[in-house]
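The structure appears right after this line, and notes come after that.
Number of protein chains: 2
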Amino acid sequence: MPLLLLKDLPRYECLLESAKEFPDLDPSAAEAYLHLLRAGDDAFGVSERNLDEHGISQGRFCVLMLLWRRVHPRAADLPGAAGAEAGPRTPAELAAGANVTRATMTGLIDTLERDGFVKREPDPVDRRMMSVRLTPKADQFLREFLPGHFRTTAKLIGVLTEAERKTLVRLLTKISTQAAAMVSPSTASALIEPVAHAV
Amino acid sequence: MPLLLLKDLPRYECLLESAKEFPDLDPSAAEAYLHLLRAGDDAFGVSERNLDEHGISQGRFCVLMLLWRRVHPRAADLPGAAGAEAGPRTPAELAAGANVTRATMTGLIDTLERDGFVKREPDPVDRRMMSVRLTPKADQFLREFLPGHFRTTAKLIGVLTEAERKTLVRLLTKISTQAAAMVSPSTASALIEPVAHAV
DNA sequence: GGCATACAGTTAGGCAGCTAACGATAATTG
DNA sequence: CAATTATCGTTAGCTGCCTAACTGTATGCC
Chain V
4 MPLLLLKDLP RYECLLESAK EFPDLDPSAA EAYLHLLRAG DDAFGVSERN
54 LDEHGISQGR FCVLMLLWRR VHPRAADLPG AAGAEAGPRT PAELAAGANV
104 TRATMTGLID TLERDGFVKR EPDPVDRRMM SVRLTPKADQ FLREFLPGHF
154 RTTAKLIGVL TEAERKTLVR LLTKISTQAA AMVSPSTASA LIEPVAHAV
Chain C
4 MPLLLLKDLP RYECLLESAK EFPDLDPSAA EAYLHLLRAG DDAFGVSERN
54 LDEHGISQGR FCVLMLLWRR VHPRAADLPG AAGAEAGPRT PAELAAGANV
104 TRATMTGLID TLERDGFVKR EPDPVDRRMM SVRLTPKADQ FLREFLPGHF
154 RTTAKLIGVL TEAERKTLVR LLTKISTQAA AMVSPSTASA LIEPVAHAV
């Protein structure tokens, strides 16, 4: 459970009362926001518990899955480009895929290599780069681990009907899109931003 | 952004194809699960960005809010008990409220005290305990910070209608409840568990 | 009353994020 | 071709999370 948060969310009446003191507080928005953080944390915790039992962390698992894509490319991953590379290979590509810095990826690869899950190899062409590859041990681990992981996920989401899942995905996508717009408003105004810099 | 995760979620067709290899993979469940983690992370990131600009971390903010409840108790917090204490006071209570270990809380209070936001005082009755209290500086900080924080939340959730918010909270609550049941199934079977141990 | 147990807070050590800076190498550009 | 610029991986040092073990204090049980 990585993100610490209030164990018990404030009740709606409490939010209503706080709104009297803080006019900027939108009770229904705050309620939805807090429930989102809590549910995300809960879901994360369920999967992390699964991973812990197998002695692997969320971060390491993420790296393994990115490399797994390379070993087992799906046709859907390569819609048009025929000879395109299937997945990330270098620490920099892995860092981009996992949304962490290169420095963090160095540490993750360090421990994964120490535990025998990946191997570093120097790139023969560009001598700045390294190639990271899964070992057979990692391949075997994933084949044993993933089914249970998928069952856990299915059990967690199993409380929702198919229609509810679609609705949930739709609403969450709206929020993610809005979050992206709030963090970097340049996404929509990519044509204007450079001008602003030029001026 | 605390929980690292795939930057780009796999597409639905890709999940469908993977399901051929892994029968335990429920594509719609996996899709909903991944979107939940991503949206939770996105929402978390938006608020964390807000906090960072004010030089305070999510964990510290959580502690301040727990202590704030004590300074400004709401009537809704005290439904029946008249003279009951309003909020957490000791490091152990704060740790329970923030869902972290006591050791972690020690570190958080250390830095908060160093920065002048809280003060430790020994408990006059039970000499094992400490009392943690907000300083006027923290009170002023929160009064200045919270309105912006609430506006950010309202803007993020603003993409949803009131009806959508209600739906979202309902679905997320279902998932959180299921997660709790999966992590500690003893909640419902507290009478059976001890027997199992006795045998 | 004396001793085992339980509990509060801290400390020590590990992992996983981050930023900033570095050396080595490649690419660009005058 | 030479020099600047950019990129790759790594290192060092920070924060914040964890577990395990420790000290001091209260409590419970003969």
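Chains V and C supply the protein sequences, listed in that same order.
Add 3 to the 1-based position in the first sequence for our numbering, that's all there is to it.
Add 3 to the 1-based position in the second sequence for our numbering, that's all there is to it.
A virtual CB, placed ideally from N, CA and C, is assigned to each residue, including glycine.
Bear in mind that the values here come from a model prediction, so they are computed numbers and not experimental data.
Query: Delimiting residues of the alpha helix (DSSP H) encompassing Ser21 of chain C; Result: Tyr15 to Glu24
Query: Span separating the alpha-carbon of His57 of chain V from that of Asp29 of chain V; Result: 42 Å
Query: Chain C within 9 Å of Arg181 of chain V, Cβ atoms only; Result: Reading the sequence as shown, one finds Gln at residue 181 of chain V and not Arg. Yes - at least one Cβ of chain C is within 9 Å of the one on Gln181 of chain V.
Query: Positions along the region 133–163 of chain V whose CB lies within less than 8 Å of some CB in chain C; Result: Leu149, Pro150, Gly151, Phe153, Arg154, Thr155, Thr156, Ala157, Lys158, Leu159, Ile160, Gly161, Val162 and Leu163
Query: Contact with chain V by Val49 of chain C, beta-carbon distance below 9 Å; Result: yes
Query: Separation of Thr164 of chain C from Met132 of chain C, as counted between CA atoms; Result: 47 Å
Query: Beta-carbon separation (whole angstroms), Thr156 of chain C vs Tyr36 of chain V, contact threshold 8 Å; Result: 5 Å
Query: Top-ranked residue by Cα proximity to Ser50 of chain V, from V:Ile160, V:Lys169, V:Arg168 and V:Ala184; Result: V:Ile160
Query: Per-residue burial, Gly110 of chain C [other beta carbons within 10 Å of its own, 16 or more giving buried]; Result: exposed
Query: Residue-level contact to chain C via CB, Glu165 of chain V, 9 Å cutoff; Result: yes
Query: Cβ shell of Ser134 of chain V (< 8 Å), same chain only, five flanking positions each side left out; Result: Arg92, Thr93, Arg123, Glu124, Pro125 and Asp126
Query: Glu34 of chain V vs His75 of chain C beta-carbon contact at 9 Å; Result: no
Query: Contact set between the region 23–37 of chain V and chain C, restricted to residues whose Cβ is under 7 Å from the partner; Result: Phe25, Asp27, Leu28, Asp29, Ser31, Ala32, Ala33, Glu34, Ala35 and Tyr36
Query: Beta carbon proximity, Gly43 of chain C to chain V, threshold 9 Å; Result: yes
Query: Nearest-angstrom Cβ-Cβ length linking Phe120 of chain V and Thr138 of chain V, presumed shorter than 8 Å; Result: 6 Å
Query: DSSP bridge partner residues for Ser134 of chain C (one or two, in chain order); Result: C:Glu124
Query: Gly100 of chain V beta carbon less than 9 Å from that of Ala46 of chain C; Result: no
Query: 9 Å Cβ cut-off: residues of chain V touching Leu171 of chain C; Result: Ala35, His38, Leu39, Thr170, Leu171, Leu174, Leu175 and Ile178
Query: Supposed close pair Trp63 of chain C, Leu19 of chain C - CB separation, criterion 8 Å; Result: The sequence given here has Arg at residue 63 of chain C, not Trp. The pair is not a contact, with the Cβ atoms about 44 Å apart (cut-off 8 Å).
Query: Alpha-carbon to alpha-carbon, Val128 of chain V and Met185 of chain C; Result: 49 Å
Query: The region 106–119 of chain C: positions lying closer than 7 Å to chain V by Cβ; Result: none
Query: Chain-ordered neighbours of Arg52 of chain C on chain V, where CB pairs are closer than 9 Å; Result: Met185 and Val186
Query: Beta-carbon neighbours of Ala99 of chain V, restricted to chain C and to distances below 8 Å; Result: Lys10
Query: Listed by chain order, chain C residues near Ala95 of chain V by CB distance under 7 Å; Result: Within chain C, no residue comes near Ala95 of chain V; the closest Cβ sits about 13 Å away, beyond 7 Å.
Query: Beta-carbon gap between His38 of chain V and Leu171 of chain C smaller than 9 Å; Result: yes
Query: Any C-beta of chain V under 9 Å from that of His57 of chain C; Result: no
Query: Chain-order list of residues whose beta-carbon lies under 7 Å from that of Gly151 of chain C (same chain, five-residue window excluded); Result: Asn53
Query: Beta-carbon proximity of Ile178 of chain V to Val103 of chain C, cut-off 9 Å; Result: no
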